[in-house]
Amino acid sequence: MEDVEMDVSNSYSDPEDLTIREQFRRYGKRHSISSVSPHQDGPVSKFSESRLLYDGNNIHSPTNAALILENIKQEVDSIETYHFEGATTPARNQSAIKRRSSVDSRGGFSEADLGIDSVARFGSQSLKACKIEDDTLTDSGETTFGLFASLFDSAIQGLMPIRDLILRFEKSCRDVSESIRYGPNIWHRVVEDKLMRQKAQLLLDEAATWSLLWYLYGKVTEEPPEELIVSPSTSHLEACQFVVNDHTAQLCLRILQWLEGLASKALDLESKVQGSHVGTYLPKSGIWHQTQRFLQKGASNTNTVQHLDFDAPTREHAHQLLDDKKQDESLLEDIWTLLRAGRLEKALDLCRSAGQPWRAATLCPFGGLDLVPSVEALVKNGKNRRLQAIELESGIGHQWHLWKWASYCASEKIAEQNGGKYEVAVYAAQCSNLKRILPICTNWESACWAMSKSWLDARVDLELAHSQPGRTVQLKSYGDVGDGSPGQIDGAAHAAGPENWPQQVLNQQPRNLSALLQKLHSGELVNEAVSRGCKEQHRQIEMDLMLGNIPHLLDMIWSWIAPSEDDQNIFRPHGDSQMIRFGAHLVLVLRYLHAEEMQDSFREKLMTVGDLILHMYVMFLFTKQHEELVGIYASQLARHRCIDLFVHMMELRLNSSVHVKYKIFLSAMEYLPFSSEDDSKGSFEEIIERILLRSREVKGGKYDKSSDVAEQHRLQSLEKATSIQWLCFTPPSTITNVKEVSVKLLLRALTHSNILFREFALISMWRVPAMPIGAHALLSLLAEPLKQLSELPNTLEDYVSENLKEFQDWSEYYSSDATYRNWLKIELENGEVPPLELSMEDKQRATAAAKETLNSSMSLLLRKGNPWLASPDDEKFESTMLVFLELHATAMLCLPSGECMHPDATICTALMSALYSSVCEEVVLRRQLMVNVTISPRDNYCIEIVLRCLAVEGDGLGSHQVNDGGVLGTVMAAGFKGELARFQAGVTMEISRLDAWYTSADGTLEGPATYIVRGLCRRCCLPEIILRCMQVSVSLMESGNPPECHDELMELVACPDTGFLQLFSQQQLQEFLLFEREYEICNMELQEELTS
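Encoded structure:
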């Protein structure tokens, strides 16, 4: 992985610098009415085809045989577990794949259909087919991983806009939080209950952050409808137009709407859970009944009001009785709560039902018009001409400012007389009197709401004041909001009348958003709990979102989830899992929202740090066995990160169950292009090529003199073969060109399996009963894909047929090899039994195995017109330039006993000399043969050999009729057979990797020279097959069962047309003659026995 520069420029880190927010304006104009709100009906695109294994109603079993067998195994295991556990098995352990019905492709869906459950239906069907969840919602919050993946999958498929996706995320967090906090009525221990409360609260905090993101980036800015624009204008219309056009005011309004929305949802949840809600009072409960009775009795008290009108406490400097005062304060607390939640109408209804209609009039003048400076309020009021009529007489803003001034005076007067704190706050909130509101704000949201509302109202009031005749010169001395001199204003605050509004409250307002947030941190009037709240993670995220400081936000999230510096594994999942998930989805949402607006510096930060966060989340999902979810996120990474990540995951799951690997395969196939389309996105082909390449790399091991090199090679060959399984799965039917992809996968599997077959054959010539497990694993893995290929018409192109032919050759070879090893195993078992005690049945079994070995071997040797592993006639390499041949091999030196040698510089030099000596000096000079032997940097027990020579006609150029690998094959065969001159006798090279190439004069690789490796395999394998036949023939002759094909075998070896004789080395010929001599001796003895 490349190191990522994490430094942030000064413009990113300066919270006062708001230019970044201006550059990336977070809310755009609504140009069309076609935008579909998540709260409205609207058309949504449908699936044109169901996802893998899902037809809309049922989930079908996969077609792969390995998967079917594993399904059966799991079913049997589940039955056994059920019988073992009996009736005590908890019901929560019985999981089932969730089935969801498909969407009708002809119809839209209503508001109810756009819920979370409905949208989840449209997610990737692979997420459903592979993911098995409990029917009951877990209390750990882990369901959010699958739910968020399904929602994001729906968004990138075009089933919902990204703006709506943000709201889905919010609702998901709220639903899961509610399920955790108020789910099944199960008793928990104190510690567990506390942890569940914390998890539920963290999800609510996250829901709040998603909601803010929607208000800032997802909610479009609506223009006032033309039909509501009246002339002459009104103060409310002017306020709405100002907020639409002023970026800071629009930002402040959105923050205010966000905070009111949070409070409103909290009230809804409280009502749902507790069955009661704010404002449930008996009629006329706001009337002072106790005070009324007290006065009716004729009692008198200087501290008690003498009249029952609402102005009496202020006018008489007295109070109602304590019970009435408490009830009044309780009523005002609920009114405050409703106003805080933006529920003005409910607050007014509460006042009227409680017998205080006068209070409703003070909270909402002008006949109950909604005076919030938003287009929504303007539309809600409709074509109400009342305000226009009022202001035609008094002028725009005059009555508006009179109401604000009156509310200010009321809040100050009530506070001076030690009135109720909620009554003070209710009126202070109407006039931006911030110092009277903050004392009752005991949490971050309330304090932020108070400051935002006060700042917005003050800006609107100031704007309306500018439009009044004669106010412009007067207001210049005060500047903008927050620029006035505190002493200058405070001195005239009470004396100033409504004509001077809003001078009375300007000094309380922040100069800008940064100053507002700084007041939350350390304001004089701010509650200590508010300052503590600023340190919470989601509050810090929300404040960065308000400032538009996205680069700092990304760095901050990465610092929370990044592993410590002393951790060697930089991508080990670290930190809170829910924060990792949130960070990843935040990055994705920001990328899609700003896809066309990002400048280079912003884009680089969002891509580099964003990729780190995404990578961390993918690794977290992977470690939690959510393999089916990784593809949707890994596909969003940069090309090199995506490829590296999938390669890493596939290698870690190489020995896992078929189902686990199949989930990763599906995840990659569904979300990545099969072939590379551009440099921005990784492809499945690139991942597979890397996997196959790395599977052949030499991996360091520990060896000693007692090590069985052959056994270690057998185990390594199985690991190499297993990598082919990624190419043997059936691709999902929903991808484009699925048949073409299937053929490409099989072709790549055939090509790579043939490469491995050649290497496996060169290390499996030991005459031992153990089977070459790597080769047989390949054969079993490719059995079903080859069967499927045969059922597809017109798919066997020339290149496919060529690779298929070689595959079939190897299949026949390993079949013959298996019969020999089976015979050898029987012979060794019989050899442990004394001859007189050996049963006739065992003898017959050995004889049958020997005859089967001879038959299969002779079938391979006797092929006419189609010699085993011969190069095709049309395989020719033509070039007018100078062409060279190179052979690269990684091998281990092995003694006849099976012990491995530890190579050093002396051994490498001696081996290099011995390889040169395997051909005559004239060939070395004419073909410009070069040999290089070095110790492998990956494994100091291995050596790396590079052979290079000039290509000539018949060996590199033109056709290759001899099929013996040419000069390079001759040199390497001597090493594999352990017959190198001037080298330690009997030492063989056990191959780990073998490749041959055509190269140019400067060493550039031009293409694979497959004929060399195939010819080398013929040089080594065919003589060994013949020698094994001789060994079996001798055994049959010794048992008194002369083989029928012995003479034919001798003629076959001696025949010049077959070319078998030239494939033998000198020692192999000697061994062949020794076998023949032993065979003839046994034959003579048998004839003597028969004649006697």
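With numbering that gives the first Met the number 0, letter number 319 in the sequence shown gets 318, and the count goes up by one each step, no holes.
Glycine is no exception: its CB is placed at the ideal position from the N, C-alpha and C atoms.
query: Could you pull the DSSP bridge partners for GLU885 from this structure?; result: ARG947 and TRP996
query: Indicate whether LEU993 and VAL1012 have their beta-carbon atoms separated by less than 8 Å.; result: yes
query: Identify the continuous beta strand (DSSP E) that holds THR933 and give its terminal residues.; result: 929 to 934
query: Out of curiosity, what's the CA-to-CA distance linking GLN429 and LYS403?; result: 7 Å
query: If you draw a straight line from the alpha carbon of LEU268 to that of LEU347, how long is it in whole angstroms?; result: 22 Å
query: Just the C-alpha distance for ALA154 and LEU164, rounded to the nearest angstrom, thanks.; result: 7 Å
query: Quick check on LEU777: does DSSP put it in helix, strand or coil?; result: helix
query: Is PRO372 buried or exposed, if buried means 16 or more other CB atoms sit within 10 Å of its CB?; result: buried
query: Would you kindly work out how many angstroms separate the C-alpha atoms of LEU250 and VAL374, rounded to a whole number?; result: 14 Å
query: Within a Cβ cutoff of 7 Å, which residues of the same chain sit near GLY968, ignoring the five residues on either side of it in sequence?; result: ILE1011, GLY1014, LEU1015 and ARG1018
query: From what residue to what residue does the beta strand (DSSP E) around LYS1004 run?; result: The residue asked about is misnamed: residue 1004 is Leu in this sequence, not Lys. Taken as a continuous stretch (DSSP letters only), the beta strand (DSSP E) holding LEU1004 covers 1004 to 1007.
query: For LEU892, which three-state DSSP category applies?; result: strand
query: Measure the CB-CB distance between SER876 and GLY955 and report whether it falls below 8 Å.; result: A small fix is needed here, since residue 876 is Phe in this sequence, not Ser. Yes, they are a contact pair.
query: Would you say the beta carbon of ARG1018 comes nearer than 7 Å to a heavy atom of the ligand PLP?; result: As presented, the structure is devoid of all ligands, the ligand PLP included, so that no description of it is given.
query: Go ahead and pull the three-state DSSP assignment for GLU718.; result: helix
query: Could you give the distance in angstroms between the alpha-carbon of ARG766 and the alpha-carbon of ARG820?; result: 8 Å
query: Let's test the definition: count the other Cβ atoms within 10 Å of the Cβ of ARG1076 and tell me whether it reaches 16, buried, or not, exposed.; result: exposed
query: In or out: ILE762 buried (at least 16 other Cβ within 10 Å) or exposed?; result: buried
query: Mind reading off the beta-carbon distance from GLU259 to ALA340? Whole number of angstroms is fine, and I expect it under 8 Å.; result: 6 Å
query: Opposite ILE990 in the DSSP bridges: which residues?; result: ALA890
query: Using CA atoms only, rank isn't needed, just tell me which of VAL189, LEU749 and GLN983 is closest to PRO895.; result: GLN983
query: Assuming ILE754 contacts ALA890 (C-beta within less than 8 Å), just tell me the rounded distance between them.; result: Their Cβ separation, rounded to whole angstroms, is 16 Å, which puts ILE754 and ALA890 out of contact at 8 Å.
query: Could you have a look at ILE754 and say whether DSSP puts it in helix, strand or coil?; result: helix
query: Which same chain residues, not among the five before or five after VAL529, have their C-beta less than 7 Å away from its C-beta?; result: CYS440, ASN442, TRP443, ALA446 and LEU519
query: Grouping DSSP H, G and I as helix and E and B as strand, with all else coil, what is THR852?; result: helix
query: By how many angstroms is the C-alpha of SER999 removed from the C-alpha of CYS1044?; result: 48 Å
query: Please look up how many angstroms separate the CB atoms of THR143 and VAL175, rounded, as I've assumed it's under 8 Å.; result: 5 Å
query: My guess is that HIS537 and ALA262 are in contact by the Cβ rule of under 8 Å, so how many angstroms apart are they, rounded?; result: HIS537 to ALA262, Cβ: 16 Å. No contact.
query: What distance in whole Å lies between the Cβ atoms of MET450 and PRO501, which are believed to be in contact at a cut-off of 8 Å?; result: Actually they are not in contact, since the Cβ atoms of PRO501 and MET450 sit about 15 Å apart, beyond 8 Å.
query: Between ALA913 and the rest of its own chain, which residues show a CB-CB distance below 7 Å, the 5 nearest in sequence each way excluded?; result: LEU979, ALA980, ARG981 and PHE982
query: In chain order, which alpha helix (DSSP H) runs of at least 4 residues are fully inside the region 316 to 371?; result: 321 to 339, 343 to 352, 356 to 362 and 364 to 367
query: If LEU1062 and ASP963 are in contact, beta carbons under 8 Å, what's the gap, nearest whole angstrom?; result: 6 Å
query: Under a three-way DSSP split, which group does GLY957 fall into?; result: strand
query: Pull up the distance between the alpha-carbon of ALA1008 and that of PRO871, whole angstroms please.; result: 13 Å
query: Considering only DSSP beta bridges, list what CYS941 is partnered with.; result: MET891
query: For CYS919, count neighbouring Cβ atoms within 10 angstroms of its own Cβ and tell me buried if that reaches 16, exposed if not.; result: exposed
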